[in-house]
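The next block holds one structure in the form of structure tokens; read it before the comments.
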């Protein structure tokens with residue numbers, strides 16, 4: 168709430184750090200597990216890289232605008248967008264607004280798991296499945312997207328920063344989608360799909376369509392939480408087995424879970440008349456009509472990523488629910504849908 172409702176950068180930063188601290192504690196929920204400890208420490212360290220960039224960006228805002236209040240900064244931004252307003256570093260001059268926007272974007276890269284700082288996201292699967300649903304669907308990873316949208320009046324005065332955002336977002340969506348194809352762990356496939364969808368949100372901000380980016384983040388929160396909780400139901404039924412190759416034939420044993428996973432996967436793919444279709448299709452359409460090099464780059468990588476997303480989503484459904492079972496008979500006989508109180 169502090170992150171979302173704050174009217175200045177200091178409150179935003181405190182909420183930002185609070186989200187990071189909460190994610191560290193949640194990932195380390197099973198603190199007796201070595202892998203959970205390593206994943207939590209990795210998440211904290213990777214977040215510190217982004218937080219350092221955000222802190223420098225806030226310092227730059229205060230240096231240039233003499234305030235950290237959003238309304239004042241946005242009102243004065245046009246006056247400081249001229250080339251003669253610059254920051255000096257190592258005897259070199261840099262456009263002030265561009266430097267601030269790039270530093271703020273580094274903070275978003277760390278929090279929203281963009282390419283280069285994405286490695287913590289799959290490892291965070293060591294936490295409980297509801298934690299994965301909370302962190303990867305609704306709160307932590309979308310904080311970077313929210314911050315860019317919140318500071319959109321500032322980013323609009325730096326075309327260089329918007330181009331960088333577009334290229335990084337497009338490469339993230341493509342890279343994460345290709346990596347998701349190669350995963351066999353049920354939760355890691357969904358984690359890489361989160362990383363890919365965050366790329367769509369980021370490059371939507373880069374082509375100045377912030378409202379569509381926030382719309383996709385809202386849609387994504389619902390269908391990704393559905394996917395994670397359905398995956399948790401499968402893992403619970405399979406006695407904590409997460410390897411999809413050791414599953415199969417669960418559609419008849421877990422019919423409700425299969426229906427929910429199917430709905431979530433279709434939304435993730437962007438199947439017509441599902442929620443993901445309305446936001447993802449608009450993002451690609453707006454990128455296509457941008458008629459710039461960065462817009463075309465984002466459109467083509469985003470379009471290829473859609474095919475990869477469809478492949479690993481259908482592969483997940485097939486290996487988990489439709490293929491011939493590869494499990495022990497004793498595990499199959501114990502399979503059942505999760506009780507209603509776990510929903």
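In this note's numbering, the protein residues as written are 168 to 510.
Note that CB positions come from ideal geometry on N, CA and C, so glycine has one too.
When secondary structure is reduced to three states using DSSP, residue 247 falls in the helix class. About 5 Å separates the beta carbon of residue 315 from that of residue 372, a gap short enough to meet the 8 Å contact definition. DSSP, reduced to helix, strand and coil, places residue 376 outside both helices and strands of the structure shown, so it counts as coil. Between residue 507 and residue 240, the alpha-carbon positions lie close to 49 Å from each other. Counting only runs of at least 4 residues, the region 320-365 fully encloses the following alpha helix (DSSP H) elements, listed from N- to C-terminal order: 326-348. Nearest in C-alpha terms to residue 414, of all of 422, 401, 424, is 401. In this structure the region 348-363 lies against the region 288-303, because at least three pairs of beta carbons, one per stretch, are closer than 8 Å. Taking C-beta atoms under 8 Å as the contact rule, residue 284 and residue 213 qualify, at a distance of about 5 Å. It is roughly 9 Å from the alpha-carbon of residue 173 to the alpha-carbon of residue 180.
Assigned with DSSP and collapsed to three states, residue 200 falls in coil, not helix or strand. Contact between residue 383 and residue 405 fails: their C-beta atoms lie close to 32 Å from each other, not under 8 Å.
Nearest to residue 420 by C-alpha distance, out of 280, 191, 492, is 492. Boundaries of the alpha helix (DSSP H) around residue 427: 422-436.
If the five residues before and after residue 470 are omitted, its C-beta is found closer than 8 Å to the C-beta atoms of 451, all from its own chain and listed in chain order.
Residue 195 sits in coil when the DSSP states are folded into three classes, being neither helix nor strand. Per DSSP, the continuous alpha helix (DSSP H) segment holding residue 469 begins and ends at 460-484. When the alpha-carbon of residue 333 is set against those of 380, 236, 195, the nearest one is in 380. The alpha-carbon of residue 429 is positioned some 25 Å away from that of residue 307. Per DSSP, the continuous alpha helix (DSSP H) segment holding residue 451 begins and ends at 442-455. C-alpha of residue 345 to C-alpha of residue 246: approximately 43 Å in a straight line. The secondary-structure analysis by DSSP pairs residue 218 with nothing; it has no beta-bridge partner.
The Cβ atoms of residue 282 and residue 339 sit closer than 8 Å to each other.
CA-to-CA, the gap between residue 168 and residue 464 works out to about 35 Å. Here the C-alpha atom of residue 433 lies approximately 42 Å from the C-alpha atom of residue 235.
Distance from the Cα of residue 412 is smallest, within the candidate group 437, 353, 387, for 353. Cβ contact annotation for residue 486 (same chain, cutoff 6 Å, sequence separation greater than five): 411, in chain order. In terms of Cβ geometry, residue 325 and residue 265 form a close pair [threshold 8 Å]. Using a 10 angstroms sphere on the CB of residue 309, the tally of other CB atoms reaches 16 or more, which defines it as buried. Put simply, the backbone Cα of residue 385 is about 19 Å away from that of residue 288.
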